[in-house]
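Shown next, in structure tokens, is the structure this report addresses.
2 protein chains.
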Amino acid sequence: MLRLTKKADYGLMAVKLLAEHWLRQPDEANRALSAKDIADAYHIPPQLLAKILQTLARTGILVSHAGIYGGYSLARNPESITAFEIIRAIDGPLFITSCITVNGNCDLVGTCTIKEPLSKVNDSIREVLTKIRMIDMCEPPVGTAHGHEKTELVTLDTHSH
Amino acid sequence: MLRLTKKADYGLMAVKLLAEHWLRQPDEANRALSAKDIADAYHIPPQLLAKILQTLARTGILVSHAGIYGGYSLARNPESITAFEIIRAIDGPLFITSCITVNGNCDLVGTCTIKEPLSKVNDSIREVLTKIRMIDMCEPPVGTAHGHEKTELVTLDTHSH
DNA sequence: GCTCCTACGACCACTCTAGTCCTATAATCA
DNA sequence: TGATTATAGGACTAGAGTGGTCGTAGGAGC
Ligand code: SF4
Ligand code: SF4
Numbered sequence: 004m005l006r007l008t009k010k011a012d013y014g015l016m017a018v019k020l021l022a023e024h025w026l027r028q029p030d031e032a033n034r035a036l037s038a039k040d041i042a043d044a045y046h047i048p049p050q051l052l053a054k055i056l057q058t059l060a061r062t063g064i065l066v067s068h069a070g071i072y073g074g075y076s077l078a079r080n081p082e083s084i085t086a087f088e089i090i091r092a093i094d095g096p097l098f099i100t101s102c103i104t105v106n107g108n109c110d111l112v113g114t115c116t117i118k119e120p121l122s123k124v125n126d127s128i129r130e131v132l133t134k135i136r137m138i139d140m141c142e143p144p145v146g147t148a149h150g151h152e153k154t155e156l157v158t159l160d161t162h163s164h
Numbered sequence: 004m005l006r007l008t009k010k011a012d013y014g015l016m017a018v019k020l021l022a023e024h025w026l027r028q029p030d031e032a033n034r035a036l037s038a039k040d041i042a043d044a045y046h047i048p049p050q051l052l053a054k055i056l057q058t059l060a061r062t063g064i065l066v067s068h069a070g071i072y073g074g075y076s077l078a079r080n081p082e083s084i085t086a087f088e089i090i091r092a093i094d095g096p097l098f099i100t101s102c103i104t105v106n107g108n109c110d111l112v113g114t115c116t117i118k119e120p121l122s123k124v125n126d127s128i129r130e131v132l133t134k135i136r137m138i139d140m141c142e143p144p145v146g147t148a149h150g151h152e153k154t155e156l157v158t159l160d161t162h163s164h
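Just so you know, the protein sequences line up as chains P and E, in that order.
Residue 4 is where the first sequence starts when you use the working numbering, and the numbers rise one by one after that.
Residue 4 is where the second sequence starts when you use the working numbering, and the numbers rise one by one after that.
Given below as structure tokens:
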């Protein structure tokens, strides 16, 4: 539940890489990265990523450039691109429950008593995602450093018994 | 994406109704509501709701009582029950991405550069859900009242037709 | 013209969701 | 005791959604 799709996940990774590339390459000429480049960098399926980037280009977050030495680059500077935009562009505008954004296929909308509280939850999550700009993901060690490096929660315990 | 399952949705509605029933009925005797009662109140599939309530009882949020005049009631007072518990009990502990809580079937965990930012998003959402107690959902017109009464949505219409 | 790239629709395997059905069991009352 | 009412839980299914592939069309530079 409440899980992000992998497409949105891939999209965030791609835009993050493009944002870093943008910051590294001030001249516009070399700003583009092809879908295959990004896919290779993260070992994600190239054709799938291509479609994701196409979607992002269609919504105006990226600009595409066909032909040799073509590819994708950011349409705006990475300060103005939020994680919310990217997720919304890829996964659509739908949110927590069926009834909130769309008028909903849920026929309980008359008797339901929790759609207003959940609507607030929805707003909170959207706000959290909107606050995250791509430039924030590019520079991890800025402020709010409370020691405790590494944050190694995963530990990857694949103890194959 | 980021959508709550309907089971969790139903679970929240049920616990909310039980919480209101708890507040109305100070004596412990009449606190129980059967699965069918709740299902009828909201027109949701009774057998599906039954399984949800069983799950909630198994995790200790509700207590069940078999037999005639049996049913479910809250295991604790509605101040200490959060929306997060209910959602987690029904939909499991999994969250935003595959890699955060579980060790993850995602094999990009080595190259991925966004799992730490997303982990913070995950924490934010969990915090939002943890802050919502059931008693908060029961009393809408407390502060932040901007007119718009009505609040009488449940009305417990067990009118046996 | 060739090659590299985007654009897009069709397609598929797989998983998850929502819901049903069935049987077993526990508690209450007559 | 037995009937009734309720929970407990497993098996199962149709449908939707996800993750991913393939093939083709078309634009851009050499
Ligand atoms: S109306 Fe209620 S039950 Fe239906 S989707 Fe909205 S919150 Fe969920
Ligand atoms: S490792 Fe990265 S790509 Fe994989 S699930 Fe986590 S955030 Fe997503």
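Using N, Cα and C, we set each Cβ at its ideal position, and we do this for glycine too.
Within the segment 25–59 of chain E, the residues whose Cβ lies closer than 8 Å to some Cβ of chain P are 44, 45, 46, 47, listed in chain order. For residue 77 of chain P, there is no enclosing alpha helix (DSSP H); the residue is found in the beta strand (DSSP E) stretching over 74–77. Partner residues in the beta bridge of residue 67 of chain E, as assigned by DSSP, are E:75.
In the three-state reduction of the DSSP assignment, residue 59 of chain P falls in the helix class, which pools H, G and I. Residue side-chain check: residue 43 of chain P keeps its Cβ at 6 Å or more from all non-hydrogen atoms of ligand 2. Taking the C-beta atoms as reference points, residue 77 of chain P is found nearer than 7 Å to residue 21 of chain P. At least 7 Å separates the CB of residue 67 of chain E from every CB of chain P. Per DSSP, the beta bridge partners of residue 85 of chain E are E:136.
Straight across, the Cα-Cα distance linking residue 102 of chain P with residue 115 of chain P is about 10 Å. About 12 Å separates the beta carbon of residue 75 of chain E from that of residue 42 of chain E, a gap too long to meet the 8 Å contact definition.
For residue 120 of chain E, the neighbours in chain P by C-beta distance under 9 Å run, in chain order, 15, 19, 86, 135, 139, 140, 143.
For residue 112 of chain P, no CB of chain E lies under 7 Å from its own CB, so it is not counted at the interface with that chain.
Cβ atoms of residue 15 of chain P and residue 89 of chain P come within 8 Å of each other, at about 6 Å. Fewer than three Cβ pairs drawn from the segment 132–141 of chain P and the segment 51–65 of chain P lie within less than 8 Å of each other, which leaves the two stretches out of contact. As summarised for the segment 32–56 of chain P, the continuous alpha helix (DSSP H) elements at least 4 residues long and confined to that stretch are 38–45, given in chain order.
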